[in-house]
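Next up, the structure:
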């Protein structure tokens, strides 16, 4: 049976292809999966993540919180570890050089139970996770940006008796603004 994230990525790609008038920008990225950070613990995962994403135009109806842009992206892991689909909102501060914080929710296909040699459970604790992210970008042409990105997924200690290994990925994204 195919991995369910494969179907999600296929859906996302067809959505992007079918709705170019709605898209502000699309991106592809590559990231190191499950880095060590102060926000996560060792999960036994690794590999490289390949990302494809879409960001919409600013939502003017949300101007009271700074008119964020909606986003959705899929991340596929090269080692068969945790894949995910995330959606949320992000804000862009700056123009030629910018910072873009975001917050969303992610669903993933990681194991529902994983126990390390020391007996600590290292699964992510919930199928649905919070997904904060941060990108620092630079405009390299009128329609193309390059971003350094950090994506964190975790349940913020709300499930699994407060155990929260989390997962951090860092990488680069090539962003293309659509006409």
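Residue numbers (the working numbering): 170 to 348. Just so it is clear, CB atoms sit at the ideal spot from N, CA and C, and this is done for glycine as well. None of the values given here were measured: they were computed from a predicted structure.
Output needed for residue i: all residues of its chain with C-beta closer than 7 Å, excluding positions within five of it in sequence on either side, in chain order.
i: residue 281; result: 292
i: residue 309; result: 315
i: residue 229; result: 236
i: residue 267; result: 261 and 306
i: residue 246; result: 202, 216, 218 and 252
I believe residue i touches residue j by the beta-carbon criterion, under 8 Å. Please report the beta-carbon distance rounded to the nearest angstrom.
i: residue 201; j: residue 338; result: 7 Å
i: residue 217; j: residue 199; result: 6 Å
i: residue 295; j: residue 324; result: 4 Å
i: residue 316; j: residue 273; result: With a Cβ gap of about 16 Å, residue 316 and residue 273 do not count as contacting.
i: residue 334; j: residue 209; result: 6 Å
i: residue 320; j: residue 298; result: With a Cβ gap of about 11 Å, residue 320 and residue 298 do not count as contacting.
i: residue 213; j: residue 283; result: 7 Å
i: residue 206; j: residue 224; result: With 8 Å as the limit, residue 206 and residue 224 do not qualify as a contact, their Cβ atoms being about 24 Å apart.
i: residue 302; j: residue 271; result: 5 Å
Taking the beta strand (DSSP E) that residue i falls in, what are its first and last residues?
i: residue 336; result: 336 to 346
Between residue i and the rest of its own chain, which residues show a CB-CB distance below 6 Å, the 5 nearest in sequence each way excluded?
i: residue 253; result: 244, 275 and 277
i: residue 248; result: 215 and 216
i: residue 279; result: 251 and 293
i: residue 256; result: 241 and 273
i: residue 226; result: 193
i: residue 318; result: 304, 340 and 342
i: residue 269; result: 259, 261 and 304
i: residue 204; result: 337 and 339
i: residue 220; result: 198, 242 and 244
I'd like the list of long-range same chain contacts for residue i, defined as Cβ closer than 8 Å, with 5 residues on each side in sequence excluded.
i: residue 313; result: 343, 344, 345 and 346
i: residue 265; result: 307 and 308
i: residue 231; result: 237 and 258
Based on the DSSP output, what are the partners of residue i in its beta bridges?
i: residue 213; result: DSSP, once it has assigned bridges, lists no residue as partnering residue 213.
i: residue 218; result: 200 and 246
i: residue 321; result: 337
- Runs of beta strand (DSSP E) wholly within the segment 220 to 262 (minimum 3 residues, chain order): Counting only runs that start and end inside the segment 220 to 262, the beta strand (DSSP E) elements of at least 3 residues fall at 238 to 246 and 253 to 259.
- Item | Inside the segment 257 to 319 only - alpha helix (DSSP H) runs reaching at least 4 residues | none
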